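Take 0 as the starting number for the sequence shown in numbering that gives the first Met the number 0 and just add one per residue.
Even for Gly, the Cβ is constructed at its ideal location relative to N, Cα and C.
The structure displayed is predicted, hence computed values, not measured ones.
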Amino acid sequence: MVNVLFVCLGNICRSPTAEGVFRKIVKKHGMSDMISIDSAGTGNWHLGNPPDQRAIEAASKRSIDISHLRARRFSSSDFLKFDYILTMDRQNLKSLRRDCPVSFDGHLGLLLDFLGENNFYDVPDPYYSDEHAFEIVLDLVFEAAENLFKHILNHHI
Ligand code: 4NP
């Protein structure tokens, strides 16, 4: 089993979107029994809440249901459970690097490092923006998640 965790700030926009997208890709390839997927936030403002309505609607337009997800905060015990911890931006990566134990032997990095040759580091935070920003999140996340899936297949399965 390969355990993958996506992390953003609130766990109501970008990381639940990434969780839903990656789950769809993994399911499409019949690999749901081999790859476990979760998401979390570094902040605590929205604990227990469903994703932002705009994120739910944008995902639903691409036949992805994330409405059942509930926000949780990243916990130091996640370093014990996950092989891939992928943050949506450099700010959240910095937060996790601060807390990462030296014993962690998984991959801690940016989701967009899997975008291939690019100049993007951060999935832009759509929270204070409009619906269009949620489409950009989905476009970036889809492409990176496809590459992440191929990477995991090549290296672990
Ligand atoms: P996310 O977006 O990190 O993609 O879930 C945000 C959601 C809420 C807040 C910030 C970003 N907030 O400040 O409440």
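Nearest by alpha-carbon distance to residue i: which of the options is it?
{"i": "Asp104", "options": "Arg53, Phe81, Gly9, Leu114", "result": "Phe81"}
{"i": "Glu130", "options": "Ser59, Asn118, Glu116, Leu152", "result": "Ser59"}
{"i": "Val3", "options": "Met33, Gly9, Pro49", "result": "Met33"}
{"i": "Pro125", "options": "Phe5, Val1, Asn10, Ser94", "result": "Asn10"}
{"i": "Ser128", "options": "Val1, Ala70, Asp51", "result": "Asp51"}
{"i": "Pro123", "options": "His150, Asn91, His154", "result": "Asn91"}
{"i": "His67", "options": "Ala54, Lys93, Leu79, Pro100", "result": "Ala54"}
{"i": "Ser75", "options": "Arg69, Ile151, Cys99, Leu111", "result": "Cys99"}
{"i": "Asp112", "options": "Arg69, Cys12, Thr86", "result": "Thr86"}
{"i": "Glu116", "options": "Leu107, Ala132, Ala143, Lys93", "result": "Ala143"}
If you draw a straight line from the alpha carbon of residue i to that of residue j, how long is it in whole angstroms?
{"i": "Leu114", "j": "Trp44", "result": "29 angstroms"}
{"i": "Arg72", "j": "Ser38", "result": "9 angstroms"}
{"i": "Arg97", "j": "Gly29", "result": "36 angstroms"}
{"i": "Arg22", "j": "Arg61", "result": "13 angstroms"}
{"i": "Ile65", "j": "Ser102", "result": "33 angstroms"}
{"i": "Cys12", "j": "Leu147", "result": "20 angstroms"}
If you check the beta carbons only, do residue i and residue j fall under 8 angstroms apart?
{"i": "Ile36", "j": "Glu145", "result": "no"}
{"i": "Gly40", "j": "Ser14", "result": "yes"}
{"i": "Leu137", "j": "Phe119", "result": "no"}
{"i": "Leu95", "j": "Val6", "result": "yes"}
{"i": "Glu134", "j": "Ala17", "result": "no"}
{"i": "Val20", "j": "Ile63", "result": "yes"}
{"i": "Asp121", "j": "Asp88", "result": "yes"}
{"i": "Leu8", "j": "Gly42", "result": "yes"}
{"i": "Val1", "j": "His155", "result": "yes"}
**Message:** Extract the residue ranges of the beta strand (DSSP E) inside the region 64–109, only unbroken runs of 3 or more that lie entirely within it.
**Reply:** 83–86, 106–109
**Asked** At which residue ranges does the region 29–62 contain complete alpha helix (DSSP H) runs of 4 or more residues, listed in the order of the chain?
**Response** 52–60
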